[in-house]
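Residues in the sequence shown are numbered from 269 upward in steps of one, following the working numbering.
A virtual CB, placed ideally from N, CA and C, is assigned to each residue, including glycine.
Keep in mind it's a predicted model, so treat the numbers as computed, not measured.
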Amino acid sequence: MMEMSREELLEKIFRDDFEHLKGKKLRMTRVRVPGKEVCMAHVLCPTDPSIYQNLGLHIGVHEGEDHTGEAIGMIRFTPWEAVAVAADVAVKSAHVEIGFMDRFCGSLILTGGLAQVETAVEEVVRYFREELGFRTCEIHKS
């Protein structure tokens with residue numbers, strides 16, 4: 269894909285009005301139109317407690333609970349509200365806990381044993397692809 273200058277972009281957008289708009293202040297607004305997509309799916313098994321703390325996964329646990337060493341599944345969706353459906357599918361498909369869920373940006377973090385988190389993430393991606401017709405990404409593991 270070729271890069272385009274600002275002037276070329278404006279000319280392409282406004283075609284006939286470009287000459288009339290030259291020299292005037294224009295404000296461009298970019299709008300994101302979310303499609304039906306699972307744009308990230310990742311399973312990791314960190315050993316450093318700072319990862320859990322920086323993700324806020326240590327907040328809200330009962331005294332004496334320590335989730336350090338558990339696997340983490342991270343999934344991102346558009347539209348963002350799809351995260352509620354994904355959380356439901358995840359907890360019904362495997363013994364995982366919801367570490368974080370944000371319906372305003374489409375992020376879901378799952379925690380649990382490695383096999384359980386992998387199962388939940390795989391089922392969520394499969395469900396969105398096969399049942400809901402979403403475009404999905406590959407599941408990455410580290």
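Cα-Cα separation between residue i and residue j, rounded to whole angstroms
| i | j | result |
| --- | --- | --- |
| V265 | E275 | No answer is possible for residue 265: the residues shown for the chain start at 269 and end at 410. |
| E406 | T315 | 24 Å |
| E279 | G303 | 28 Å |
| V389 | K292 | 51 Å |
| E386 | R344 | 15 Å |
| T404 | L323 | 24 Å |
| E305 | T346 | 5 Å |
| G367 | K409 | 18 Å |
| F372 | S361 | 24 Å |
| V364 | D356 | 11 Å |
| A354 | E271 | 37 Å |
| S273 | C307 | 29 Å |
Anticipated Cβ contact below 8 Å, residue i with residue j, distance rounded
| i | j | result |
| --- | --- | --- |
| V311 | A339 | 6 Å |
| G341 | I319 | 13 Å between Cβ atoms; not a contact. |
Cross-strand partners of residue i (DSSP beta bridge)
| i | result |
| --- | --- |
| D370 | S375 |
| V311 | G341 and K409 |
| T404 | V306 |
| G380 | A339 |
Burial state of residue i, where buried means 16 or more other Cβ atoms lie within 10 Å
| i | result |
| --- | --- |
| L277 | exposed |
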